[in-house]
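J.: Got a structure here, written out as structure tokens. Questions coming.
Protein chains in written order, with this note's numbering: chain D, 10 to 336; chain X, 10 to 336.
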């Protein structure tokens, strides 16, 4: 574990080094050095020419796992922050905007979800949200990187509380392999809480993966997958939408939410259903009472409500033109 | 005008200097030096502990006006950028998310707006949007800083095109003074396109100003004012809402939109109407056809549409709790 004194060493900035990293596409392990001294900066070829920085109070953890660089730091104004391969995954201050939306957009759109699979999501935040749904009997999670789970259990109790639910079964392994071994029609809902398509999550944005998802879902089952930013990745989104149109024979929708610490301040979700009972994602049939019994155990919802559910599907014209062009 | 070679001098970062600026609240003229070399960073006590940075290709303009520091640079991925007192006001890439929303949220909510006042908005972008409305006969604008208008005319043709409309009358002066001289009930709509409440726009967030706005509006007239970020400024917003509830006897609403280059990635709007014909901001009565005649002259809308109009009023639970608490 890194000590506080590492902050200074960590953040000794040299302009030269930044330029070198830009030239090599920032693929090395030096993300954290490319900052205003004492600050962490997100710099990536996925969002060239812009950077978001958080002030670091103390680095709490930094190791290289089998799959990626894992870091946790205490920020000065966003609580604790989890970084994978130099990209912010979770901050304590704004995680609810992501975890509540990626979970309740799919689960509130179908009646009585019982069996739910989470792919990725090793911090546990999505599990916490899934377990608000009393109809859910089994929650399976397949996370590739055990270190993410361990780090969350150590530093993010409000997220990793999700693992404590007795309905949860954790499997450490590759999501694609896991899905291929699943019997056809097993799940009511699959939530893909992945990192960006550079690194270990790459395959989770590709066609064969979506085919496996569709197979693992029951007729009229739903998937919600992290689908990047309308401001930054329209080509990527266009590609995901095209793949999903071929594979999912129910409905195909794109929704988005605001997350300040994600690049461009927004993140989107691809929501699809398989052939079977029709799913109208824009009009949730399974509302989660904001002050219901789930609130007693897990605290009230901070972000999600039925109105923002429907609103999330309203796209700016520039995005609608691309995403809904075949409709 | 600054030359390209100034970029290097401008952006010579020293950790010491950053810390000094933080200590003095970044009120000096050194905003631009607090960056990764070659990048512009937004650092302010209005959003402590975080910074958004854009890569600078070339500084095009930098002067101190009577009121504020004015800078224009060519960024590597967001087009040209206008900075006032170290804060991003406009980038060519994402301005439509702001200008279209701050304009059409109020103007599409009332039938046949004829007389519109813009306070601030010296870049002209809001004027361009107002002039899409064929019912509008007169557009008055009161901008305090002539340098902002001049700089926009020189560097932002897509924004300053708004000044070319023959319906527009420009007044350079203080918005508060201007409003106080206006006859009661003059305007159908007032749009307050201001910078943050630190600097020359301070009074535009205070109660006497809102009283003057209410007086200058006709019965059932509407105001839309820039109202900061739900992620960063809930106390400020709470205060604005409380003031507006006392002053505006029609409806009181808060809406928001995504703007990647604004701190936290979102910006909000306070929308109020005066006593008189009722205004339901959430259900626009005066839709702007996305491909209508206005598009031929001004290009199609890039962001606004009737669905995103209504969606903009749906708030995350944490914000709804504070903003709608008296309802």
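Note that the Cβ used here is the ideal one computed from N, Cα and C, for glycine as well.
Every value quoted in this text rests on a predicted model; they were computed, and no experiment measured them.
Should residue 262 of chain X go down as buried or exposed, given a rule of 16 or more other Cβ atoms within 10 Å for buried?
T.: The sequence position of residue 262 of chain X within the second chain is 253, counting from 1. Residue 262 of chain X should be labelled buried.
J.: Is the distance from the Cβ of residue 139 of chain D to the Cβ of residue 158 of chain D below 8 Å?
T.: Walking along the first chain from the start, residue 139 of chain D turns up at place 130. Walking along the first chain from the start, residue 158 of chain D turns up at place 149. No.
J.: Is residue 317 of chain X close to chain D? Criterion is C-beta to C-beta, closer than 8 Å.
T.: Stepping through the second chain from its first residue, residue 317 of chain X is reached at position 308. Closer than 8 Å to some Cβ of chain D, the Cβ of residue 317 of chain X qualifies, so yes.
J.: Please list the partners that residue 273 of chain X has in chain D, where partner means a Cβ-to-Cβ separation under 7 Å.
T.: If you number the second chain from 1, residue 273 of chain X lands on position 264. Under the 7 Å cutoff, chain D gives 269, 274.
J.: Starting from the beta carbon of residue 289 of chain X, find every residue of chain D whose beta carbon is closer than 8 Å, and list them in chain order.
T.: In the second chain, residue 289 of chain X corresponds to position 280, counting from 1. Going along chain D, no residue has its Cβ under 8 Å from residue 289 of chain X, so there is no contact; the nearest lies around 15 Å.
J.: Can you name, in chain order, every residue of its own chain whose Cβ lies under 6 Å from the Cβ of residue 99 of chain D, other than the five neighbours on each side?
T.: Taking the first residue of the first chain as 1, we reach residue 99 of chain D at position 90. Within the same chain, residue 99 of chain D has close Cβ partners 91, 132.
J.: State the start and end residues of the unbroken alpha helix (DSSP H) segment that holds residue 253 of chain D.
T.: Numbered from its first residue, the first chain carries residue 253 of chain D at position 244. Element bounds for residue 253 of chain D: 243-256.
J.: Does any CB atom of chain X fall closer than 8 Å to the CB of residue 292 of chain D?
T.: Residue 292 of chain D sits at position 283 when you count from the first residue of the first chain. Not an interface residue.
J.: Would the beta-carbon of residue 117 of chain X be found less than 7 Å away from any heavy atom of the ligand HEM?
T.: Only the bare structure without any ligand can be found here, which leaves the ligand HEM out of the picture.
J.: Tell me where the alpha helix (DSSP H) around residue 317 of chain D begins and ends.
T.: The residue given as residue 317 of chain D occupies position 308 in the first chain. Its alpha helix (DSSP H) spans residues 315-320.
J.: Using 8 Å as the threshold, is the region 286-293 of chain D in touch with the region 267-275 of chain D, meaning 3 or more CB pairs across them?
T.: Counting Cβ pairs under 8 Å, fewer than three are found: no touch.
J.: Between the region 324-333 of chain D and the region 306-314 of chain X, do at least 3 Cβ pairs fall closer than 8 Å?
T.: Touching, yes.
J.: Could you confirm whether any beta carbon from chain X is found closer than 8 Å to the beta carbon of residue 59 of chain D?
T.: In the first chain, counting from the first residue as 1, residue 59 of chain D sits at position 50. Chain X, which has a Cβ nearer than 8 Å to the Cβ of residue 59 of chain D, makes this yes.
J.: If the cut is a Cβ gap below 9 Å, which residues of chain X does residue 313 of chain D touch?
T.: For the purposes of this step, residue 313 of chain D is identified with residue 304 of the first chain, where counting begins at 1. 325, 326, listed in chain order.
J.: List the residues of chain X that residue 103 of chain D touches, going by C-beta distances under 8 Å, in chain order.
T.: As a working note, residue 103 of chain D is residue 94 in the first chain. Those are 240, listed as they occur along chain X.
J.: With a threshold of 8 Å on Cβ separation, who are the neighbours of residue 123 of chain D within its own chain once the five nearest residues in sequence on each side are excluded?
T.: As a first step, residue 123 of chain D must be located in the first chain, where it is residue number 114. The residues are 144, 145, 146, 147, 197.
J.: Which partner residues of residue 180 of chain X appear in the DSSP bridge assignment?
T.: Here residue 180 of chain X corresponds to residue number 171 of the second chain, with the count starting at 1. Its beta-bridge partners are X:151.
J.: What residue range does the beta strand (DSSP E) around residue 53 of chain X cover?
T.: Walking along the second chain from the start, residue 53 of chain X turns up at place 44. No beta strand (DSSP E) contains residue 53 of chain X, which DSSP labels as neither H nor E.
J.: In whole angstroms, what is the alpha-carbon distance linking residue 128 of chain D and residue 152 of chain D?
T.: Residue numbering aside, residue 128 of chain D sits at position 119 when the first chain is read from its first letter. Residue numbering aside, residue 152 of chain D sits at position 143 when the first chain is read from its first letter. Cα-Cα distance, rounded: 6 Å.
J.: Please report how far the alpha carbon of residue 112 of chain D lies from the alpha carbon of residue 281 of chain X, in whole angstroms.
T.: Working through the first chain from its first residue, we reach residue 112 of chain D at position 103. Working through the second chain from its first residue, we reach residue 281 of chain X at position 272. About 34 Å.
J.: Locate the alpha helix (DSSP H) running through residue 145 of chain X, then write down its first and last residues.
T.: Translated into the one-based positions of the second chain, residue 145 of chain X becomes position 136. No alpha helix (DSSP H) contains residue 145 of chain X, which DSSP labels as neither H nor E.
J.: Give the residues of chain D in contact with residue 320 of chain X, contact being defined as C-beta atoms less than 7 Å apart.
T.: As a working mapping, residue 320 of chain X is identified with position 311 in the second chain. Simply 320, 323.
J.: Whole angstroms is fine: what's the gap from residue 317 of chain X's alpha carbon to residue 320 of chain D's?
T.: The sequence position of residue 317 of chain X within the second chain is 308, counting from 1. The sequence position of residue 320 of chain D within the first chain is 311, counting from 1. Each residue's Cα considered, the two are about 8 Å apart.
J.: Should residue 245 of chain X be flagged as near chain D, meaning a C-beta pair shorter than 8 Å?
T.: Residue numbering aside, residue 245 of chain X sits at position 236 when the second chain is read from its first letter. No, residue 245 of chain X does not count as interfacial toward chain D.
J.: Less than 8 Å between CB atoms is the rule here; does residue 310 of chain D satisfy it with respect to chain X?
T.: For the purposes of this step, residue 310 of chain D is taken as the residue at position 301 of the first chain. Answer yes: the Cβ-Cβ gap between residue 310 of chain D and chain X drops below 8 Å somewhere.
J.: So with CB distances below 7 Å, who are the chain D contacts of residue 203 of chain X?
T.: On the second chain, position 194 is the one that residue 203 of chain X refers to. In chain order: nothing, as chain D lies at least about 21 Å away.
J.: Quick one: which chain D residues come within Cβ less than 8 Å of residue 67 of chain X?
T.: Stepping through the second chain from its first residue, residue 67 of chain X is reached at position 58. Here the premise fails: no neighbours, minimum Cβ distance about 13 Å.
J.: Starting from residue 112 of chain X and walking both ways along the alpha helix (DSSP H), at which residues does that stretch end?
T.: Residue mapping note: residue 112 of chain X aligns to position 103 of the second chain, counting from 1. 104-116 is the extent of the alpha helix (DSSP H) around residue 112 of chain X.
J.: Can you tell me which of the three DSSP states residue 61 of chain D falls into?
T.: On the first chain, residue 61 of chain D is found 52 positions in, with the first residue counted as 1. Three-state DSSP puts residue 61 of chain D in a strand.
J.: What are the partner residues of residue 199 of chain D, as DSSP defines its beta bridges?
T.: Within the first chain, numbered from 1, the residue matching residue 199 of chain D stands at position 190. D:126, D:232, per the DSSP bridge assignment.
J.: Let me check one thing: in DSSP terms, what residues is residue 48 of chain X bridge-paired to?
T.: As a working note, residue 48 of chain X is residue 39 in the second chain. Paired residues: X:64.
J.: May I ask which residues mark the beginning and end of the alpha helix (DSSP H) holding residue 168 of chain D?
T.: As a first step, residue 168 of chain D is located in the first chain; it is residue number 159 there, counting from the start. Residue 168 of chain D -> alpha helix (DSSP H) spans 166-169.
J.: Determine the chain D residues that contact residue 63 of chain X at a beta-carbon separation under 9 Å, and present them in chain order.
T.: Working through the second chain from its first residue, we reach residue 63 of chain X at position 54. Near residue 63 of chain X (Cβ distances below 9 Å), the residues of chain D are 58, 59, 60.
J.: Assess contact between the region 54-65 of chain X and the region 164-175 of chain X, defined as three or more Cβ pairs (one per stretch) separated by less than 8 Å. Is contact present?
T.: Judged by Cβ distances under 8 Å, the region 54-65 of chain X makes no contact with the region 164-175 of chain X, as fewer than three pairs qualify.
J.: DSSP on residue 310 of chain D, reduced to helix/strand/coil?
T.: Indexing the first chain from 1 puts residue 310 of chain D at position 301. Three-state DSSP puts residue 310 of chain D in coil, outside helix and strand.
J.: Under a CB-based cut-off of 8 Å, is residue 264 of chain D close to chain X?
T.: Residue 264 of chain D sits at position 255 when you count from the first residue of the first chain. Not an interface residue.
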